[in-house]
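Here the structure comes first, spelled out in structure tokens, and everything after it is commentary.
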Amino acid sequence: MRMSHIHDMIIIGGGPAGYTAALYAARAGLDTVLIERLSAGGQMALTGDIDNYPGFHEGVDGFTLGMNMLSGAERFGAKTHYGQVLDVDLMGDIKTVKTEGEEFCSKTLVIAAGANPRKLGIKDEENLVGKGVHYCAHCDGRFYKDKTVLVVGGGNSAAADALYLSRLCKKVYLVHRRDRLRATKIYHEPLMAAENVEFLWDSALTEFITEDRVTGVKIKNLKTDDMHSIDCDGVFISIGRQPATEFLRGKIALDEYGYIIADETTKTDIDGVYAVGDIRTKALRQVVTAAADGAVAAHFAEEYLSR
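Numbered per the numbering used here, the sequence shown spans residues 498 to 804.
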């Protein structure tokens, strides 16, 4: 292992939360290094068009926005290292982050590793992302105005997505494996009242019907095993997200779903360690809230270092 010098801040994850933290920290004069597994932007980079991020009145594609965020942080001296984080040591005044063959040390650590959407795991799902398969209704729903879509799931996020899409789309099918929603009751009444929402209970999506993109789906009734096809323009899979916290288990406080427990200060249960973006417990996971977290974490990290 080659050990680097002691940085003021290490950031794990190069999405909007991570690069905003890097921007604010580097601009404040902190010696900052960001470790990213793939490329700038994280999950955001996979989004074709983002039209709800302030300052881009005609929208911006996620990859471009991610690269702009990287450039902004590096302008003030933040450095980017590409690699997979394998382990961390959060105890003591100096935090250690290990990647393949290299070890980084820092006085503060910002964890911005994000959360990945849970997938159905059926044929062609990954190949159809952006071609009719989506995991964020608020990100991509506008492309389906006056069209027919299908939402898979029965929890709060699926119910919220179906309700949001019902205001945009001509028709919304909500497919759920059970005979009632798991979502909290606040969603039940407005969904039931929406004339363009149809529930497919005790059902599962088993196959995509495609040409160059999704044109329909095959649905199986789990009680009768009957199969039928539905024509649709898009599918929104909303069966939860998986926070990237496996490497942190037993080392930091997580909630029952695996998210890092941190409030609006982004402070965790360990001094000098902050959780930002989709990886922390929060009500709304969007690019703009992730960026806000990054700024907050840099502020409190700077305050911590000054002590």
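For every residue, glycine included, the Cβ atom is placed at its ideal position computed from N, Cα and C. Predicted model only: the values in this text are computed from it and were never measured.
### Task
Check whether the Cβ atoms of Ala612 and Asp790 lie closer than 8 Å to each other.
Position 115 of the sequence shown, counted from the start, is the residue given in the question as residue 612. Position 293 of the sequence shown, counted from the start, is the residue given in the question as residue 790. For Ala612 and Asp790, no; Cβs fall outside 8 Å.
### Query
According to DSSP, is Arg524 helix, strand or coil?
The residue given as residue 524 occupies position 27 in the sequence shown. If DSSP states are grouped into helix, strand and coil, Arg524 belongs with the helices.
### Message
On the criterion of 16 or more Cβ atoms from any shown chain inside 10 Å, does Met498 qualify as buried, or is it exposed?
### Response
Residue numbering aside, residue 498 sits at position 1 when the sequence shown is read from its first letter. Bear in mind that the predicted position of Met498 carries a pLDDT of just 47, short of 50, making it unreliable; the figure below should be weighed with that in mind. Exposed.
#### Entry: Spatial distance of Lys592 from Thr645 (CA atoms)
Start at 1 with the first residue of the sequence shown, and residue 592 comes out as number 95. Start at 1 with the first residue of the sequence shown, and residue 645 comes out as number 148. Cα-Cα distance, rounded: 50 Å.
#### Entry: Delimiting residues of the beta strand (DSSP E) encompassing Phe696
Counting from 1 along the sequence shown, the entry for residue 696 is found at position 199. Phe696 -> beta strand (DSSP E) spans 694–697.
### Task
Just the C-alpha distance for Val585 and Ile503, rounded to the nearest angstrom, thanks.
Position 88 of the sequence shown, counted from the first residue, corresponds to residue 585. Position 6 of the sequence shown, counted from the first residue, corresponds to residue 503. Approximately 15 Å between the Cα atoms of the pair.
### Query
When you compare each of Val582, Phe601, Lys576 to Arg524 by their alpha carbons, which one comes out closest?
As a first step, residue 524 must be located in the sequence shown, where it is residue number 27. The residue with the shortest Cα to Cα distance from Arg524 is Lys576.
### Query
What are the residues that DSSP puts in a beta bridge with Lys576?
One-based indexing of the sequence shown puts residue 576 at position 79. Beta-bridge pairing links Lys576 to Val530.
### Message
For a minimum of 3 consecutive residues, which ranges assigned as the beta strand (DSSP E) are wholly contained in the segment 621–672?
### Response
645–649, 668–672
### Task
Give the C-beta separation of Phe744 and Leu606 to the nearest angstrom, bearing in mind that I take them to be a contact with Cβ-Cβ under 8 Å.
Your numbering for residue 744 matches position 247 in the sequence shown. Your numbering for residue 606 matches position 109 in the sequence shown. In fact, because the Cβ distance is near 12 Å, the residues do not count as touching under 8 Å.
### Query
Alpha carbon to alpha carbon, what distance is there between Ser663 and Thr712?
Stepping through the sequence shown from its first residue, residue 712 is reached at position 215. Stepping through the sequence shown from its first residue, residue 663 is reached at position 166. Between Thr712 and Ser663, the C-alpha separation is close to 19 Å.
### Task
Write down every uninterrupted run of the alpha helix (DSSP H) in the segment 687–775 whose length is 4 residues or greater and which is fully enclosed by it, in chain order.
The segment 687–775 contains no whole alpha helix (DSSP H) run of 4 or more residues.
### Message
Can you tell me where the beta strand (DSSP E) holding Asp586 begins and where it ends?
### Response
Against the sequence shown, residue 586 aligns to sequence position 89. Start and end: 584–586.
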